[in-house]
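Its first residue numbered 0, the sequence shown is counted upward by one per residue in numbering that gives the first Met the number 0.
A virtual CB, placed ideally from N, CA and C, is assigned to each residue, including glycine.
Here the structure is a predicted model, which is why all the values come from computation and not from measurement.
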Amino acid sequence: MDNQQYGKHRQEDSTGPDVNGQVFIRDIADIRADMLPEVGGKAANLGELNAAHLPVPPGFCLTTSAYRYALSAIGMEEIFALLQDAGASDLDELNRLAARARSLVLDAGVPTDVAESVRAAYRKLGDAAPVAVRSSATAEDLPFASFAGQQDTFLNVVGEDAVLDAVSRCWASLWTDRAVSYRTTNGIGHATVTLAVVVQEMVDSATAGVMFTANPVTGRRREAVIDASPGLGEAVVSGAVNPDQYVVDTQSNAILKRTLGDRQVEIRSLAGGGTERIERAGHTAATENHAAATENYSVQPCLSDDQIRALADLGRRVEAHYGAPQDTEWAIDSSGKLWLTQARPITTLYPLTSRVPATPGAHAFLNFSLAQGLTRPLTPMGLAGIRLIASSVARRAAFDVPDPRSGPSPYYEAGQRIFFDFTSVLRSKVGRAIVPRIFDIMEARSAAVIRGLFDDPRFAVAIKTPIRLIRHVAPVAAKYRVPETVLRGLFRPEAAMKRQEQLGAELHQALRVPEGITAHQRIAHVQRILGEEVFATVPQVLPLPVLGFAMLGLVRKVLGEQAPLDQLQTVIRGLPNNVTTEMDIALWQLAREIREDPEALAFLGYRTLEELVQQFKGRELPAVAQSGLEAFLRKYGHRAVAEIDLGMPRWSDDPTHILGVVVNYLRLEHTSDAPDQQFAKAAREADEQVARLVARARAKSPLHAKLVRTALDRTRRFAGMRELPKYNLVLGLASAREQLSLVGAELAEAGRIELAEDVFFLDLNEVETALAGNKLHQLVADRRADYAQELRRRHIPRVLLSDGTEPEATAAGGSPASPGALSGSPASAGVITAPARVILDPVGAHLEPGEILVAPSTDPGWTPLFLTAGGLVMEMGGPNSHGAVVAREYGIPAVVGVPDATLRISSGQIITVDGAAGTVTTTPGDAPG
0 MDNQQYGKHR QEDSTGPDVN GQVFIRDIAD IRADMLPEVG GKAANLGELN
50 AAHLPVPPGF CLTTSAYRYA LSAIGMEEIF ALLQDAGASD LDELNRLAAR
100 ARSLVLDAGV PTDVAESVRA AYRKLGDAAP VAVRSSATAE DLPFASFAGQ
150 QDTFLNVVGE DAVLDAVSRC WASLWTDRAV SYRTTNGIGH ATVTLAVVVQ
200 EMVDSATAGV MFTANPVTGR RREAVIDASP GLGEAVVSGA VNPDQYVVDT
250 QSNAILKRTL GDRQVEIRSL AGGGTERIER AGHTAATENH AAATENYSVQ
300 PCLSDDQIRA LADLGRRVEA HYGAPQDTEW AIDSSGKLWL TQARPITTLY
350 PLTSRVPATP GAHAFLNFSL AQGLTRPLTP MGLAGIRLIA SSVARRAAFD
400 VPDPRSGPSP YYEAGQRIFF DFTSVLRSKV GRAIVPRIFD IMEARSAAVI
450 RGLFDDPRFA VAIKTPIRLI RHVAPVAAKY RVPETVLRGL FRPEAAMKRQ
500 EQLGAELHQA LRVPEGITAH QRIAHVQRIL GEEVFATVPQ VLPLPVLGFA
550 MLGLVRKVLG EQAPLDQLQT VIRGLPNNVT TEMDIALWQL AREIREDPEA
600 LAFLGYRTLE ELVQQFKGRE LPAVAQSGLE AFLRKYGHRA VAEIDLGMPR
650 WSDDPTHILG VVVNYLRLEH TSDAPDQQFA KAAREADEQV ARLVARARAK
700 SPLHAKLVRT ALDRTRRFAG MRELPKYNLV LGLASAREQL SLVGAELAEA
750 GRIELAEDVF FLDLNEVETA LAGNKLHQLV ADRRADYAQE LRRRHIPRVL
800 LSDGTEPEAT AAGGSPASPG ALSGSPASAG VITAPARVIL DPVGAHLEPG
850 EILVAPSTDP GWTPLFLTAG GLVMEMGGPN SHGAVVAREY GIPAVVGVPD
900 ATLRISSGQI ITVDGAAGTV TTTPGDAPG
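1) Grouping DSSP H, G and I as helix and E and B as strand, with all else coil, what is Leu553?
2) From Val240 to Ala234, what distance separates their C-alpha atoms?
3) Could you check the C-alpha separation between Ala144 and Arg343 for me, to the nearest Å?
4) With H, G and I counted as helix, E and B as strand and the rest as coil, what does DSSP make of Lys774?
5) Provide the residue(s) that pair with Ala227 in DSSP beta bridges, ordered along the chain.
6) Do you know offhand how far Tyr931's Cα is from Asp802's?
7) Here's the rule I'm using: 16 or more other beta-carbon atoms within 10 Å means buried, otherwise exposed. How should Thr922 be labelled?
8) Expressed to the nearest angstrom, what Euclidean distance is found between the alpha-carbon atoms of Pro859 and Lys556?
9) Could you give the residue range of the alpha helix (DSSP H) that holds Leu255?
10) Pull up the distance between the alpha-carbon of Ala810 and that of Arg426, whole angstroms please.
11) Quick one: residues in its chain with C-beta nearer than 6 Å to the C-beta of Gly870, no 5 flanking neighbours on either side, listed in chain order?
12) For Arg887 and Thr579, what's the separation of their Cα atoms in angstroms?
13) Since Met720 contacts Val540 with CB under 8 Å, what's their CB separation in whole angstroms?
14) Identify, in the order they occur along the chain, each residue of the same chain with its Cβ nearer than 7 Å to the Cβ of Gln250, setting aside the five sequence neighbours on each side.
15) Is the distance from the Cβ of Gly743 to the Cβ of Asp762 below 8 Å?
16) I need the DSSP call for Gln21, collapsed to helix, strand or coil.
17) Please check the pair Gly917 and Pro855, which I expect to be a contact at CB under 8 Å, by giving their CB distance rounded to whole angstroms.
18) By the 10 Å Cβ neighbour count, where 16 or more other Cβ atoms means buried, how is Pro898 classified, buried or exposed?
19) Using a Cβ distance threshold of 8 Å, determine whether the stretch 213-233 contacts the stretch 162-172, with at least three qualifying pairs required.
20) Note the first and the last residue of the continuous alpha helix (DSSP H) segment covering Arg591.
21) Are the CB atoms of Trp650 and Gly636 nearer to each other than 8 Å?
22) Give me the Cα-Cα distance between Arg737 and Ala393, rounded to the nearest whole angstrom.
23) Tyr479 bridges to which residues according to DSSP?
24) Could you pull the start and end residues of the beta strand (DSSP E) that Glu278 belongs to?
25) Going by DSSP, which residues form a beta bridge with Trp338?
26) Please classify Tyr889: does DSSP put it in a helix, a strand, or coil?
27) Report the residue ranges of all alpha helix (DSSP H) runs contained in full by the stretch 401-474; include only those spanning at least 4 residues, in chain order.
28) Starting from Phe59, trace the alpha helix (DSSP H) in both directions and tell me its first and last residue.
29) What are the residues that DSSP puts in a beta bridge with Asn366?
30) If distances are taken between C-alpha atoms only, which option among Asn764, Glu483, Leu310, Ala28 comes closest to Ile522?
31) Using the C-alpha atoms, what's the distance from Ala98 back to Val919?
32) Taking the alpha carbon of Gln371 as the reference point, which residue from Asn879, Trp174, His52 has its own alpha carbon closest?
33) Kindly list the residues whose CB is nearer than 8 Å to the CB of Pro575, restricted to its own chain and excluding five residues on each side of it in sequence; keep chain order.
34) What is the DSSP secondary structure of Ser801, reduced to helix, strand or coil?
35) Comparing C-alpha positions only, which one of Gln415, Ala868, Ala136, Val224 sits nearest to Gly646?
36) Going along the chain, which residues of its own chain have a beta-carbon closer than 6 Å to the beta-carbon of Gln244, five neighbours each way excluded?
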C-alpha cells in the first residue's frame, strides 16, 4: 500500500482516544515539523516528508503525551535530580542511573488506556500487518545534533501484543547508557527529553540502505553517497555489513564511483514476525529465532544504474524540501518501488560561506581564523570588528569597498569563523610563489593544502605578471613610507626604535574617546577606531621585524654551511622588544614577589580561583598581590584569550585566567629553570652565538665580519617586534570593546537587551536598530545558541571550496606513521618525556610544572602557560607561528601542526616530544588512541 492510497482509507478522526485532553495517537499524514515536542524528531520528519508527497510508508505515532502519562507515577523525578548533579566524566554513576531508569520504564509497561489507543490505530493498518516500531525522541534528528541509533527500533513486528511490547522497549531505550551519556555531555536536560514511538507499515525490502545528499567525508555538496545492500536496511545502518557504495554527481546525474562491498551479512523479514540474519561466504548464519541459513553467493551490484539515479533524484527532492543536506534511509520493495523511511540533517558538515561569490565558478577560501591560531568561533560583534578592519586594509590597498561594515569582497564567514577568498592567489604565478611560503612558517599544514590545489584545473594560473599585486601594494607602501622605515631600521636603528615609541603614543592618543558622549557617538568612535586607526600602525611597524628576519637570511647566505639553521635559531632566542615575552616575564615576576611574602603565599594557596577573583574585585587580596595584579592589568589588561574577537572579555574584565596562571606559577620553585632565568640564559646564548658567527665571517674578511655583525644586530633588535602589530591591533579592539560595553549597558537598562554583554551578539547595524527602540532579546538568544553550538565543533577546515569540499579531506594520505607516533612540523629543538596535559581553553586550566601542553592552537593569551610547560604540541601552526616562536624563546621542545593531537593524546599519558624531528611518541603500550 502506498502513502496516497493509505491516506484515502484513513478515517477522519486519526488521533484516537485521549485522556484529560492528551492526544496519544497521531497519523503520520497529520504530522508536521512544528509538532516536534509532541511527536519527536523522527515522526516530525516523516510527517514533513509525507506532506511533501515523498514516498513514506503509512503509519501512526504514539505521542510524547503517552510517554509522559505512562511515566507520571513511576518515580523518575529522583533519577532526574541525580542525573542533573552527575558529571559527564562520571560514567559509572551515569550508567547506574540509566539502568535504574530502564528498569522503572520496563516494569511500568504500557497503561491500559494508552494500549487501547495503540491497538485501535494498529488495526487500521490491516489484519496482523507487519510494522516497524521506531523510537522518536524530542532531542533526536535535530539540525544541531544527531542522535541516530541511540534509541531502539524493532522490525517486522506482527500482532497487537508484540507492538505494545516493542513500544515499552522503545520507551526504555531512551535510558540506555549511551543515550544518557550523550545527553549529559551535550548539556541536554534529561527531564526535558521525551519519547514518541512511530509505528509504520513494514517495507519488505529487496534492497535498502542509506544515502547522504552531500559527501559526508569531503564535505562536497551536489555529490550524493549511497550505501546499499540486499535485504533490510538495518544491516547497513547498524554497520553489520560492508555495503555497495555509489557516488553520484547530482548536478549532471553522472555516477562517479561504484564500490562493491562483500555484503556478507543480510537481514530479512521472517513470516509471522521477526528477522533473520544471514551470513554468507562460510560464516555461520543466525537469526532472531536462532534459525540458520547459508547460501553460495557471488557479489553483483545490488542497484542498477536507473535505481542509483532514481535514489539521487529522491535525495535532491528531500534536500530541496529541507534546504539543507540530509542523511536519509531508503528501501526498494520486491515490486521495485522506492520508499523513504527517514531523513535527518547531516550534522557533521562544515557550513558553507554565509554569502555566495559574485563571480561564477569554483572559489577557494582560506581559513584566516586558523592562521591566527584561533579554532573557536568569533562572536557576531567580533566578526563585525574584523570586517571593519579588513575593509580598512582593502581601501588602503586601492580596493573598492562599498560598505565597510559588510567587509571587502574577498572577506567571507563560515561557521562563525573568518575566511578569505584566495582564488586569485591560486590563479596568480606570483601568488603561488609567495603565499605558500608565508604559510610554511605560519601554519605548515595550510601551506600543504594550498599547494595541493595547484593541480586543480579550476584554479589554473591566469595571472602571470606581478602588475596587479604592485597596483595594490604600492599605495600602502607609499602612504606609510615603508621604504623609509626599512632604511631607517637598517642605517639608523636607534631612530627606528624611537619612531616606534612615537607611533605607540600616537595610537594611544587616537584611541581616546571624549567623556559624556551619546551611544550613537560611541558607535561612530568604534567605526573610526577599527576602520581607520588600528591598521595604520601595521605597515609602519611590520617592516622592522621583517627586516630583522631578512637579515638572518642574509647571514645564512653569506656564511652558507657555517651558519646552520639550528645555530641561527639560537640567535633569535631571548629576543628583546617582544611585548608578549615581556608580559609573560612580568607575570612571573609578580608571582615571585608573592612567593617572597609568606602571608600572601598562604592566602593564595588555600583559596579557590573563584574566591580569589571576587576578593581581587573587592580589593581584598594581600597588598603585594592586589597592587601587583592591578599594575599588570593596567598595562596588559587589554589582552585576552582569542583576543582578535572583541566580543571576548579582556583580562581587565575578567582576571580569572591571569589569577589562575599566577597560582600555577607559585608551585614552580625559583631555580635556574625559572622562566626569567631561562630567558636571560637564552639571551646570553644568543649573544655568544652571534660572536661565533661574526668570528667565522671575520675569517673570510673584515667586511664580511662587519656585514654579519650589523645584520645580526638588526635581527636581535627588530625580530622580537613581530608581536607588536597584533599588540597594537588588540589595543584598538579593547578600546572598541569598552565603548560597546557602555552602549550595551544603556541598551540593557532600556530593556532592549537583557544583559549588557548581549551587545556582543549583535552587529553594529543591529545595535543602531536597538538604539532606535527595537527589542532584540530573541535575536540575541538565537545568536547565543548558534555560538554555543559552534564552540563544540572540533573539526575546522583549513581551506574550504565553494561547493563545500574540504581539500584536506580529499588529499591522499602520506606514509603511515610508526605505531604510537604522531608527526608534525619541528618548532623548537629539544627532547622531553613527560605527562601530557590536553587543554582546549586556557581559562581556568590547570597545568602542572613540567607537563607537556597539548592544545589545538595558541595565541598570546595562552603564552603564560608556556612558562611552566615542559613541552608543547599543537594541532595548528608552523615553525614561525606564535606558539613555535614563544616555545623557542623559553627553550621548551615543541612540535606544531600535529593532526588531531588533542583527540589522539590524553591528559596524563606519557609522551615524548622531539622538537627537532617534529615527532610525538608514546611510551610502549601507551599509544595514542
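Quick look at the numbers:
1) helix
2) 6 Å
3) The pLDDT assigned to Ala144 is 48, lower than 50, so where the model puts this residue is not dependable; a value taken from the coordinates is nonetheless given after this. Straight-line Cα distance between these residues: approximately 10 Å.
4) coil
5) Gly208, Asp243
6) Any question about residue 931 goes unanswered here, given that the chain covers just 0 to 928.
7) exposed
8) 32 Å
9) Leu255 -> not in any alpha helix (DSSP H); beta strand (DSSP E) instead, spanning 253-258.
10) 20 Å
11) Ile831, Ile851, Ile891, Pro892, Val912
12) 13 Å
13) 7 Å
14) Arg221
15) no
16) strand
17) Contact doesn't hold; Cβ gap of about 18 Å is too wide.
18) exposed
19) no
20) 578-594
21) yes
22) First, the amino acid is wrong: residue 737 is Glu here, not Arg. Straight-line Cα distance between these residues: approximately 26 Å.
23) DSSP lists no partner for Tyr479.
24) 274-278
25) Ala330
26) helix
27) 422-425, 428-441, 443-451
28) Premise fails: Phe59 lies in the beta strand (DSSP E), 58-61, not in any alpha helix (DSSP H).
29) Phe418
30) Asn764
31) 40 Å
32) Asn879
33) Ala682, Arg715, Arg716, Gly719
34) coil
35) Gln415
36) Asp226, Thr258
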